[in-house]
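Report on the structure given below.
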Amino acid sequence: MESERIYLRPVGPEDAELLLSWGQDPYYQETAGFAHYRNLPEAEEGALAYQQRPDSYMICLKKGQGYMTESINCLLGEAFKDPEIKEIWAGCRANNLRPQHLLQKLGFRQIYEVDYRQIPPFLDFSVKYYLLKRSE
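Residue numbers for the sequence shown, in this note's numbering: 6 to 141.
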């Protein structure tokens with residue numbers, strides 16, 4: 006899949022080093038809920054897990070900003086080609102306002118919030134879940 010400024014491609018084993026760098030960066034862990042990888046073998050396992058997940062993609066920039074809007078629109082367009090798909094769910098951390106505004110701009114509605122802090126000591130954040138229906 007591609008648009009003017011981005012293209013989406015499947016995750017592959019060659020992405021392990023990039024996943025490792027993201028998995029060791031607190032910014033990506035906080036803003037994207039990215040998994041923490043301690044070493045390359047863990048990142049290789051992560052790349053394999055992403056590769057085995059259907060519809061899991063790397064967002065690759067051709068140029069410019071605004072790629073998240075473009076990426077999500079690209080994914081939505083592709084997903085809604087399948088007549089079986091009636092709705093799409095998205096989640097983001099409750100304290101991360103930028104993706105929340107983006108989802109709302111794209112027509113998603115917040116449905117509920119889960120406070121994962123109620124399950125100590127494993128998780129320390131809340132997640133807001135948004136819904137976009139084909140009919141909306």
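For every residue, glycine included, the Cβ atom is placed at its ideal position computed from N, Cα and C.
Remember, it's a predicted structure, so these values are computed and weren't measured experimentally.
Asked: Identity of the residues DSSP links to Asp-129 by a beta bridge; Found: Beta-bridge pairing links Asp-129 to no other residue.
Asked: Boundaries of the beta strand (DSSP E) in which Met-63 is found, first to last residue; Found: 62 to 66
Asked: Cβ-based neighbour list, Ile-11, same chain, cut-off 8 Å, excluding 5 preceding and 5 following; Found: Ile-64, Cys-65, Leu-66, Lys-67, Tyr-72, Glu-75, Ser-76, Cys-79
Asked: Separation of Leu-136 from Glu-47, as counted between CA atoms; Found: 32 Å
Asked: Separation of Ser-26 from Gly-17, as counted between CA atoms; Found: 15 Å
Asked: Proximity of Arg-139 and Ile-90 at Cβ, strictly below 9 Å; Found: yes
Asked: Start-to-end residues for the alpha helix (DSSP H) that takes in Ile-116; Found: Unbroken run through Ile-116 is the beta strand (DSSP E), 114 to 120; no alpha helix (DSSP H).
Asked: Delimiting residues of the alpha helix (DSSP H) encompassing Ile-77; Found: 72 to 84
Asked: Within 9 Å, strictly: CB atoms of Ser-61 and Ala-99; Found: no
Asked: Where the alpha helix (DSSP H) containing Glu-7 begins and where it ends; Found: Counting along the chain, Glu-7 falls outside any alpha helix (DSSP H), and DSSP gives it neither H nor E.
Asked: Delimiting residues of the beta strand (DSSP E) encompassing Gly-96; Found: 92 to 98
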